[in-house]
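Chemist:
Number of protein chains: 2
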Amino acid sequence: MQLPELIRDIGRRAREASRSLSTLTTETKNAILRAMADELLARESAILDANAADVTGASAHGLAPAALDRLRLTPERLRAIAAGVRHVAELPDPVNEVLAEWTRPNGIRISKVRKPIGVIGIIYESRPNVTSDAAVLCIKTGNAVILRGGSESLRSNLAIAEALQAGGARAGLPADAVQLIPVADREAVKLMARMDDCIDVLVPRGGKSLIEAVVSTARMPVIKHYDGVCHIYVDAAADLEMAARILVNAKCQRPGVCNSAECVLVHRDIAAAFFQTVAPQLEAHGVELRADEASFVQLSALDYRPLARATEEDYRTEYLALILSVRIVSGVAEAIDHIERHGSHHSDAIVTSDEGAAERFLNEVDSATVYWNASTRFTDGGEFGFGAEIGISTDKLHARGPMALPELTTYRYLIRGEGQIRE
Amino acid sequence: MQLPELIRDIGRRAREASRSLSTLTTETKNAILRAMADELLARESAILDANAADVTGASAHGLAPAALDRLRLTPERLRAIAAGVRHVAELPDPVNEVLAEWTRPNGIRISKVRKPIGVIGIIYESRPNVTSDAAVLCIKTGNAVILRGGSESLRSNLAIAEALQAGGARAGLPADAVQLIPVADREAVKLMARMDDCIDVLVPRGGKSLIEAVVSTARMPVIKHYDGVCHIYVDAAADLEMAARILVNAKCQRPGVCNSAECVLVHRDIAAAFFQTVAPQLEAHGVELRADEASFVQLSALDYRPLARATEEDYRTEYLALILSVRIVSGVAEAIDHIERHGSHHSDAIVTSDEGAAERFLNEVDSATVYWNASTRFTDGGEFGFGAEIGISTDKLHARGPMALPELTTYRYLIRGEGQIRE
């Protein structure tokens, strides 16, 4: 089959599968997930062999060591993947939840009920665990899924998808409910993105260029996970020890993730005192500071190293590394203005004991998560108590911030009458 | 200014305006709406003069009489527009509604709060009342709006937009909160659709080709209002008088709208009896029937006119006219299958006294609104009790079915702590 026909065929099969999937009971879906977990473990050697072939191939193609590590599976990692599947089976099923219910004066009864979306396309890069993680969240919510992983992990992804299909089938999973695009051709992504009659939503999980490519082609909604250019604003009324603890946590605890801080804004009245408190801690973590003129002078006086002058571009950059932009501001208004102009509307925090300043910040910073006196690192499905996470949406529509099972559903209005007609 | 710069400038101004708009109190927003209504009435002669020029121009260009009628404003219609603005001022404000609130074991308090989306782009065709209707719903929900109406109504739209701006400004509306694209060039729509940094969502209101054009260019989410190919399934256990009443209402009460029925599916066991009941009523309304072979034979025997054989294409067609497709089916399973394959997932109904068949239909028909024993004509914001309606979304994400004020909002997570950091 040619690629366009192959992708259309996969789309059609997924749409068909989604019809039976959407009517499965919670018990059946959970039994399917448990059977999938069993099969992943039963096929350990086949999955690890496929993965070893991927690692060898990727290594020969010069994949960077960090990416090779993300690609590599071990018996331990496979057990963790299977445990993740079992964990999703334990979570509450959002499907059929009644969101609202009312009766109109003419007697018709309206219920707004959560239902599966239909067919979800997941486009991702090198980590093979996404094959399983994403698929089981879709199945739990009654959606068919089309998976399109990175070419370097194709053998691993195929082995994992086959295990999920075989295990699931034993427990009643409809055929074609979980499908993986079996070819590495990048054209497949474009073909998926035009197929809005078969795919209801695309979720690209990966770098900005992948997301951009999907957004510029897609005809269906795309749930985007763009950059986190996150800020900590240290107000004049901040407890400086608390501010330092929050900043160091937000910058250093795991600098490579989207909810880590990339910029600190400091009120001019407490800047000198704050830098004295925090600079030794940041320096101990090896954080490079990129400072505006006013803070550069103060940090130079403290002999901070490494220290550079910030460019306008720095303030828009998600470093994902031990680098931090610094700027001194005149107050909460200027801090909000900076964040609105330079930030990415992901997660931003104010540290202050002034409730008025805090409430203004919470009200005016238009980010998915806005914090008062806490680290931005809490923007996470697990930390929110959601039990599972597909990702952290930077969109404003449908899903914003940490996305969990309810965000993989839509709703229908179900109306029950006794023959009412419209006059 | 060249068109691309003009559109970018409008986008930038809207983004800026959205910041102040999002913080307005409900009282200020309602005062703005009331001042807008006053100004629409105060400018009656200017608006009607502009409209008369549009009507003359459109008439000279050969616009069809029905479209000319939609374009035309009268003192009465303008009073209705102003009354609509006042009505929106009376509605509850969804902004700042707390959707959920909880405390995590580490003590951080999480609130999920409704907030304005930001900037909404509305692209519409000839009716000038949309300029006012859409703008006031956006302002009520704290969103800036960019309006792009049809070229034939440009003078009317400009006069209405100026009245809204002038009236609003007196009551505290930020500059550029309501902007109208002041040129007729169709390129403007494409430029808007690429500007995802300035416009958060596009809502095209118009025919399929307009929506298609927006969908294929847009980088931001588009809330689509596609066809309504709506079905009435008359089950074996239907009360045939009720079924006839519902079908005649759904087909004939207002055939030109998206929630009217386009196809009736009839259980074979009661087909003859049902046709005997309903045929005289449909014939009295002048409804043309397009029938499958089995129903064609029966309807011919009743000497039904006008009657034709249905093609496969008929079953996918939104007639928006007094034409109805007919098909005999073997039961609820075949009815559901037909609807899933041919329908547009808008509004579909079953008429039956068999609760099992009804619940199966409600559970398996994947449409925005699914009915048991009621007319599909109730799919409407007003009929649902929403007080206002932007349109009826055929999307599954963010907004499905009748869209009202809450669907013009997003949410933020606001987190309050006492210095918590992530371990």
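Residue numbers (our numbering), protein chains in the order written: chain A, 1 to 423; chain B, 1001 to 1423. Cβ coordinates follow ideal geometry from the N, Cα and C atoms, glycine included.
For A:Arg-422, decide whether its Cβ has a neighbour in chain B, counting only Cβ atoms nearer than 8 Å.
Modeler: Numbered from 1 along the first sequence, position 422 holds the residue referred to as residue 422 of chain A. So, interface residue.
Chemist: Can you tell me whether A:Gln-2 is buried or exposed, with buried defined as 16 or more other CB within 10 angstroms of its CB?
Modeler: In the first sequence, residue 2 of chain A corresponds to position 2, counting from 1. Answer is exposed; the Cβ neighbour count stays below 16.
Chemist: Taking only the alpha-carbon atoms, compute the straight-line gap between B:Ile-1120 and B:Ala-1017 and give it to the nearest angstrom.
Modeler: Residue mapping note: residue 1120 of chain B aligns to position 120 of the second sequence, counting from 1. Residue mapping note: residue 1017 of chain B aligns to position 17 of the second sequence, counting from 1. Cα-Cα distance, rounded: 12 Å.
Chemist: Where does B:His-990 land, buried or exposed, given buried means 16+ other C-beta within 10 angstroms?
Modeler: Given that chain B is displayed from residue 1001 to residue 1423, the structure contains no residue 990 of chain B and the question cannot be resolved.
Chemist: Using a Cβ-Cβ cut-off of less than 7 Å, give me the residues of the segment 185-211 of chain A that come near chain B, in sequence order.
Modeler: Correct list: Asp-200 and Val-201.
Chemist: Out of A:Pro-255, A:Leu-91, A:Ala-218 and A:Thr-23, point me to the one whose CA is closest to A:Ser-375's CA.
Modeler: Looking up residue 375 of chain A in the first sequence gives position 375. Of the candidates A:Pro-255, A:Leu-91, A:Ala-218 and A:Thr-23, the one whose C-alpha sits nearest the C-alpha of A:Ser-375 is A:Pro-255.
Chemist: Taking the C-alpha atoms as reference points, what is the distance between A:Gly-172 and A:Asn-30?
Modeler: For the purposes of this step, residue 172 of chain A is taken as the residue at position 172 of the first sequence. For the purposes of this step, residue 30 of chain A is taken as the residue at position 30 of the first sequence. Roughly 10 Å separates the two Cα atoms.
Chemist: Candidates B:Phe-1296, B:Ser-1209 and B:Leu-1073: which alpha carbon is nearest B:Thr-1056's?
Modeler: Your numbering for residue 1056 of chain B matches position 56 in the second sequence. Cα-wise, what sits closest to B:Thr-1056 is B:Leu-1073.
Chemist: Examine chain A for any beta-carbon lying closer than 8 Å to the beta-carbon of B:Tyr-1233, and answer yes or no.
Modeler: Taking the first residue of the second sequence as 1, we reach residue 1233 of chain B at position 233. It does not: the Cβ of B:Tyr-1233 has no partner Cβ on chain A nearer than 8 Å.
Chemist: Go through its chain and collect everything with a Cβ distance to B:Leu-1457's Cβ below 6 Å, but skip five positions before and after it.
Modeler: Outside the displayed range of chain B (1001 to 1423) lies residue 1457 of chain B, so it cannot be described from this structure.
Chemist: Between which residues of its own chain and B:Val-1214 is the CB-CB distance below 7 Å, once the five residues before and five after are set aside?
Modeler: For the purposes of this step, residue 1214 of chain B is taken as the residue at position 214 of the second sequence. So the qualifying residues of the chain are Ile-1123, Val-1189, Ala-1193, Leu-1202, Pro-1204 and Val-1222.
Chemist: So who's on the other strand from B:Tyr-1413, going by DSSP bridges?
Modeler: For this step, residue 1413 of chain B is matched to residue 413 along the second sequence. Paired residues: A:Thr-369 and B:Lys-1112.
Chemist: Closer than 8 Å is the cut-off here; do at least three beta carbon pairs connect the segment 1270-1290 of chain B with the segment 1336-1346 of chain B?
Modeler: Result no; under three Cβ-Cβ pairs closer than 8 Å.
Chemist: Quick one: list the residues of chain B neighbouring A:Ser-353, beta-carbon separation under 9 Å, in chain order.
Modeler: The residue labelled residue 353 of chain A in the question sits at position 353 within the first sequence. What A:Ser-353 touches in chain B: nothing, since even the nearest Cβ is about 10 Å away.
Chemist: Counting only runs that start and end within the segment 297-326 of chain A, where is the beta strand (DSSP E) found for 3 or more residues in a row?
Modeler: 307-309, all fully within the segment 297-326 of chain A.
Chemist: Is B:Val-1183 helix, strand or coil when you go by DSSP?
Modeler: Counting from one through the second sequence, the residue named residue 1183 of chain B turns up at place 183. DSSP places B:Val-1183 in coil when its eight states are reduced to three.
Chemist: For A:Cys-230, report the span of its alpha helix (DSSP H) as first-last.
Modeler: Position 230 of the first sequence, counted from the first residue, corresponds to residue 230 of chain A. Where A:Cys-230 is concerned, there is no enclosing alpha helix (DSSP H), although the beta strand (DSSP E) it sits in stretches over 230-234.
Chemist: Mind pulling the chain A residues with CB within less than 9 Å of B:Thr-1369?
Modeler: Position 369 of the second sequence holds residue 1369 of chain B. Result: Ile-110, Arg-412, Tyr-413, Leu-414 and Ile-415.
Chemist: Under 8 Å between C-beta atoms, does A:Asp-374 make it to chain B?
Modeler: Against the first sequence, residue 374 of chain A aligns to sequence position 374. The sequence given here places Ala at residue 374 of chain A; Asp does not occur at that position. Yes, its Cβ sits closer than 8 Å to a Cβ of chain B.
Chemist: Give me the chain A residues within the contact set of B:Thr-1023, using Cβ-Cβ distance strictly less than 7 Å, ordered along the chain.
Modeler: On the second sequence, position 23 is the one that residue 1023 of chain B refers to. Under the 7 Å cutoff, chain A gives Asn-363 and Glu-364.
Chemist: Pull up the CB-CB distance for A:Ile-47 and A:Leu-78, whole angstroms please, since I reckon it's below 8 Å.
Modeler: One-based indexing of the first sequence puts residue 47 of chain A at position 47. One-based indexing of the first sequence puts residue 78 of chain A at position 78. Between A:Leu-78 and A:Ile-47 the Cβ distance is about 6 Å, and since that is below 8 Å, they are a contact.
Chemist: Alpha carbon to alpha carbon, how far is B:Gly-1062 from B:Arg-1155?
Modeler: Position 62 of the second sequence, counting from 1, holds the residue named residue 1062 of chain B. Position 155 of the second sequence, counting from 1, holds the residue named residue 1155 of chain B. Taking the straight line from one Cα to the other gives about 18 Å.
Chemist: Which residues of chain A have a Cβ atom closer than 7 Å to the Cβ of B:Ile-1246, listed in chain order?
Modeler: Position 246 of the second sequence, counted from the start, is the residue given in the question as residue 1246 of chain B. In chain order: Gly-419 and Ile-421.
Chemist: Using 10 angstroms around the beta-carbon of B:Pro-1094, count the other beta-carbons present and answer buried if the total reaches 16, otherwise exposed.
Modeler: Counting from one through the second sequence, the residue named residue 1094 of chain B turns up at place 94. Classification of B:Pro-1094: buried, given that the 10 Å Cβ count is 16 or more.
Chemist: On the three-state DSSP scale, how would you describe B:Gly-1387?
Modeler: Within the second sequence, numbered from 1, the residue matching residue 1387 of chain B stands at position 387. Three-state result, B:Gly-1387: coil.
Chemist: If we count the other Cβ atoms within 10 Å of its Cβ and call it buried at 16 or more, is A:Asp-348 buried or exposed?
Modeler: Looking up residue 348 of chain A in the first sequence gives position 348. Result: buried.
Chemist: Should B:His-1267 be flagged as near chain A, meaning a C-beta pair shorter than 8 Å?
Modeler: Position 267 of the second sequence holds residue 1267 of chain B. False, the Cβ-Cβ gap to chain A never drops below 8 Å.
Chemist: Mind listing the chain A neighbours of B:Ile-1120? Cutoff is C-beta to C-beta under 7 Å, in chain order.
Modeler: Residue mapping note: residue 1120 of chain B aligns to position 120 of the second sequence, counting from 1. By Cβ distance, chain A contributes nothing, its closest Cβ being about 11 Å from B:Ile-1120, past 7 Å.
Chemist: Hey, B:Cys-1258 and B:His-1346 are a contact pair by Cβ (cut 8 Å); roughly how many whole angstroms apart?
Modeler: Here residue 1258 of chain B is taken as the residue at index 258 of the second sequence, counted from 1. Here residue 1346 of chain B is taken as the residue at index 346 of the second sequence, counted from 1. Yes, they are in contact, since the Cβ atoms of B:Cys-1258 and B:His-1346 sit about 6 Å apart, within 8 Å.
Chemist: According to DSSP, is B:Gln-1002 helix, strand or coil?
Modeler: Start at 1 with the first residue of the second sequence, and residue 1002 of chain B comes out as number 2. If DSSP states are grouped into helix, strand and coil, B:Gln-1002 belongs with coil.
Chemist: Once you ignore the five residues that flank B:Ala-1261 on each side, which residues in its own chain have a CB closer than 6 Å to its CB?
Modeler: Translated into positions along the second sequence, residue 1261 of chain B becomes position 261. Closer than 6 Å at Cβ, skipping near neighbours: Cys-1230, Ile-1232, Ala-1250, Lys-1251 and Thr-1376.
Chemist: Using a Cβ-Cβ cut-off of 7 Å (strictly less than) and excluding sequence neighbours within five positions of B:Met-1220, which residues of its own chain qualify?
Modeler: Translated into the one-based positions of the second sequence, residue 1220 of chain B becomes position 220. Asp-1196, Ile-1199, Asp-1200, Val-1201 and Leu-1202, listed in sequence order.
Chemist: Taking CB distances under 8 Å as the criterion, tell me whether B:His-1396 reaches chain A.
Modeler: Numbered from 1 along the second sequence, position 396 holds the residue referred to as residue 1396 of chain B. In the sequence on display, residue 1396 of chain B carries Lys and not His. Yes, its Cβ sits closer than 8 Å to a Cβ of chain A.
Chemist: If contact is defined by three or more beta carbon pairs under 8 Å, each pair taking one atom from either stretch, is the segment 1145-1162 of chain B in contact with the segment 1021-1028 of chain B?
Modeler: Result no; under three Cβ-Cβ pairs closer than 8 Å.
Chemist: So is B:Gln-1281 in contact with chain A if we call contact Cβ pairs under 8 Å?
Modeler: As a first step, residue 1281 of chain B is located in the second sequence; it is residue number 281 there, counting from the start. No, its Cβ sits nowhere closer than 8 Å to a Cβ of chain A.
Chemist: Out of A:Glu-187, A:Ala-358, A:Ser-344 and A:Ile-108, which one is the CA nearest neighbour of B:Tyr-1371?
Modeler: On the second sequence, residue 1371 of chain B is found 371 positions in, with the first residue counted as 1. Cα-wise, what sits closest to B:Tyr-1371 is A:Ile-108.
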